[in-house]
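K.L.:
Those letters in the sequence shown? Residues 1 to 382, per the numbering used here, in order. Got a structure here, written out as structure tokens. Questions coming.
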Amino acid sequence: MYAAKRPSKRPVIFVMILVSWLLVACGGRLSNANWPGLSASGDMVYVAYGNGVLAYDVANGAQAWSFSPAPGRLLFYAAPSIEEGRVVVGDYGASGGFFSPGVTANVYGLRETDGAVPDELWTSSSVANDRIVAPPLQVGDMAFVGTADNQLLGMDATSGEVLWRVPTEHSIWGQPAYKDGVVFVGSLDKNVYALDAETGDEQWRTSLSGAVASSPLVNGDLLYVTSFDRKLHALSLETGVEAWAVEAADWIWGAPTLADGVVYFADAAGSVYAVDMETGDLLWTQQVDGVVQTSPVVANGRLFISSDLDPADDESPGMLTVLSTDGGAQLWQQQTTVPVFTTPVVVADTLVVAVQTETDLLIGYDAETGTQRWTVPVPAQS
């Protein structure tokens with residue numbers, strides 16, 4: 001399988017990214033506002049930011065509603081999951097105080113309304129003893145939640161009841177995936193797990209050579225997984241046996257994405273790859289500026305890539321680069337004042353980017369031209 005010939009950047013670059021994340025997690029220099037969670041459904045975008053969750057209309061950036069369960073105490077990072085108006089989101093945990101210094105995290109079920117505040121359906125308190133970083137996944141009346149205390153939870157999405165828990169050997173940072181009664185999840189323990197969605201019983205487990213920080217991608221009878229071992233792996237959905245792998249130039253943080261028979265992914269060296277979804281054969285590769293730690297986004301023949309121009313520099317800007325899916329030619333490029341650590345979303349013809357500057361939380365761009373359409377100011381925190 002193809003191995004990139006471009007020399008890899010030194011591992012220190014990616015270590016800096018990881019240390020930056022850990023500073024966030026441990027309450028260091030960076031605040032949680034530097035890495036908001038972003039998701040989309042219909043004509044809305046949803047942001048986990050600060051001490052709450054907010055929803056915005058993509059047409060104009062107007063705020064539709066906000067939810068904050070305990071102002072000033074809890075933080076949110078993981079992107080919300082939205083399914084037919086039901087929102088499931090996990091918080092970043094709160095310390096029990098001086099006598100109970102451990103962190104406990106909660107999961108919330110909300111119902112969108114026409115008002116400024118959604119209905120709170122349920123709260124499942126203290127479901128984890130560490131942060132929830134991974135976005136939940138809803139499938140029917142089930143919600144699957146990965147935690148930083150080495151668990152995958154199977155929950156009743158209508159009541160918040162925890163139906164089962166499956167331990168892993170390290171944290172889960174990526175959203176699970178699902179197909180035909182089986183849930184798939186990767187872990188920093190270098191394993192990929194396939195579990196019965198109803199019971200949590202393990203169907204298979206495949207060990208890789210590097211940690212998995214992103215979400216697996218299901219398509220047909222294959223499961224695509226990126227890893228810090230610098231590879232995109234295609235595994236059999238049924239057995240977990242590797243069908244093929246594609247070697248990249250550096251570690252791969254973001255999840256792969258797929259459109260029209262092509263799998264796209266990017267690595268920390270700024271290399272972007274397009275490979276055949278069945279064989280892994282390389283179709284094209286392109287270089288973008290900076291370090292890529294988000295997932296590519298594909299829409300309407302365009303591939304959207306966000307990057308950090310210099311992780312070693314606290315004042316480094318970010319870059320949005322848009323490539324043609326047909327050959328990888330650059331269509332447009334737009335610099336951002338800060339790095340983009342959150343995978344953008346495309347809704348209709350608008351690219352929405354979470355930037356978190358001193359003044360802005362979101363920026364909406366014309367997806368075809370890169371022209372800025374609107375900004376969402378950083379909301380006040382209580």
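Each residue gets a CB set at the ideal place from its N, CA and C atoms; glycine is no exception.
Who are the near neighbours of Val376 in its chain, counting only those whose CB is closer than 7 Å to its CB and skipping five residues on each side?
P.N.:
Here residue 376 corresponds to residue number 376 of the sequence shown, with the count starting at 1. Closer than 7 Å at the Cβ level, and outside the excluded window around Val376, lie Tyr56, Gly61, Asp360, Leu361, Leu362.
K.L.:
Within 10 Å of its beta-carbon, does Ser209 have 16 or more other beta-carbons around it, so buried, or fewer, so exposed?
P.N.:
On the sequence shown, position 209 is the one that residue 209 refers to. Exposed, since its Cβ has fewer than 16 Cβ neighbours within 10 Å.
K.L.:
Taking only three categories from DSSP, how would you classify Leu309?
P.N.:
Taking the sequence shown and counting its residues from 1, one reaches residue 309 at position 309. Reduced to three states, the DSSP call for Leu309 is coil.
K.L.:
Could you compute how far the alpha carbon of Val166 sits from the alpha carbon of Ser307?
P.N.:
Within the sequence shown, numbered from 1, the residue matching residue 166 stands at position 166. Within the sequence shown, numbered from 1, the residue matching residue 307 stands at position 307. Taking the straight line from one Cα to the other gives about 34 Å.
K.L.:
In three-state DSSP terms, what is Phe265?
P.N.:
Here residue 265 refers to the residue found at position 265 of the sequence shown. Correct three-state label for Phe265: strand.
K.L.:
Work out the CA separation of Gly270 and Gln287 for me, nearest whole Å.
P.N.:
By 1-based counting over the sequence shown, the position of residue 287 is 287. By 1-based counting over the sequence shown, the position of residue 270 is 270. About 6 Å.
K.L.:
Could you tell me which of Ala259, Val145, Trp122, Ser125 sits nearest to Ala78, measuring between CA atoms?
P.N.:
Here the question's residue 78 lines up with position 78 in the sequence shown. The residue with the shortest Cα to Cα distance from Ala78 is Val145.
K.L.:
With a threshold of 16 other CB atoms inside 10 Å of the CB of Asn150, please say whether the residue is buried or exposed.
P.N.:
Stepping through the sequence shown from its first residue, residue 150 is reached at position 150. It is buried - the Cβ of Asn150 has at least 16 other Cβ atoms within 10 Å.
K.L.:
Is the number of C-beta pairs between the region 200-208 and the region 219-235 that are closer than 8 Å three or more?
P.N.:
Touching, yes, given that three or more Cβ pairs across the two stretches are closer than 8 Å.
K.L.:
Since I believe Pro216 is in contact with Ala177 (beta carbons under 8 Å), could you give me their beta-carbon distance rounded to a whole number of angstroms?
P.N.:
On the sequence shown, residue 177 is found 177 positions in, with the first residue counted as 1. On the sequence shown, residue 216 is found 216 positions in, with the first residue counted as 1. Right, their Cβ atoms sit about 5 Å apart.
K.L.:
Taking the DSSP output, what are the residues bridged to Val145?
P.N.:
Position 145 of the sequence shown, counted from the first residue, corresponds to residue 145. Partner(s): Leu153.
K.L.:
Which of the three DSSP states is assigned to Val182 in this structure?
P.N.:
By 1-based counting over the sequence shown, the position of residue 182 is 182. Strand, per DSSP.
K.L.:
Given a cut-off of 8 Å on the beta-carbon distance, is the pair Pro136 and Ala143 in contact?
P.N.:
In the sequence shown, counting from the first residue as 1, residue 136 sits at position 136. In the sequence shown, counting from the first residue as 1, residue 143 sits at position 143. A contact, by the Cβ cut-off of 8 Å.
K.L.:
Suppose you measure from the CA of Gln138 to the CA of Gly109; what does that come to, to the nearest Å?
P.N.:
Walking along the sequence shown from the start, residue 138 turns up at place 138. Walking along the sequence shown from the start, residue 109 turns up at place 109. The straight-line gap from Cα to Cα measures roughly 11 Å.
K.L.:
Compare the beta carbon distance of Val103 and Gly93 with 8 Å and say whether it is the shorter of the two.
P.N.:
Taking the first residue of the sequence shown as position 1, residue 103 is located at position 103. Taking the first residue of the sequence shown as position 1, residue 93 is located at position 93. Their beta carbons are under 8 Å apart, which means Val103 touches Gly93 by this criterion.
K.L.:
Would you say Gln63 and Leu74 are within 8 Å of each other, going by their C-beta atoms?
P.N.:
Numbered from its first residue, the sequence shown carries residue 63 at position 63. Numbered from its first residue, the sequence shown carries residue 74 at position 74. Cβ distance not < 8 Å, so Gln63 and Leu74 don't count as in contact.
K.L.:
Consult DSSP for Glu202 and reduce its assignment to one of helix, strand or coil.
P.N.:
By 1-based counting over the sequence shown, the position of residue 202 is 202. Residue state, collapsed to three classes: strand.
K.L.:
When you compare only the Cα positions, how much space is there between Val162 and Leu153?
P.N.:
Residue 162 sits at position 162 when you count from the first residue of the sequence shown. Residue 153 sits at position 153 when you count from the first residue of the sequence shown. Taking the straight line from one Cα to the other gives about 7 Å.
K.L.:
Does the distance from the CB of Ala367 to the CB of Val353 come in under 8 Å?
P.N.:
As a position in the sequence shown, residue 367 is number 367, starting the count at 1. As a position in the sequence shown, residue 353 is number 353, starting the count at 1. Contact flag unset, no.
K.L.:
Among residues of its own chain, excluding the 5 on either side of Pro317, which ones have a beta-carbon nearer than 8 Å to its beta-carbon?
P.N.:
Here residue 317 refers to the residue found at position 317 when the sequence shown is read from its first residue. Excluding residues within five positions, the ones whose Cβ falls inside 8 Å are Leu309, Gln335, Thr336, Thr337, Val338, Pro339.
K.L.:
By Cβ distance, which residues of its chain are closer than 7 Å to Met277, with the 5 residues on each side in sequence left out?
P.N.:
As a working note, residue 277 is residue 277 in the sequence shown. Once the five neighbours on either side are set aside, the close Cβ partners of Met277 are Asn219, Leu258, Gly261, Val262, Val263.
K.L.:
Give me the Cα-Cα distance between Ala33 and Thr147, rounded to the nearest whole angstrom.
P.N.:
As a first step, residue 33 is located in the sequence shown; it is residue number 33 there, counting from the start. As a first step, residue 147 is located in the sequence shown; it is residue number 147 there, counting from the start. A caution first: Ala33 carries a pLDDT of 43, below 50, which makes its placement in the model too unreliable to give a value.
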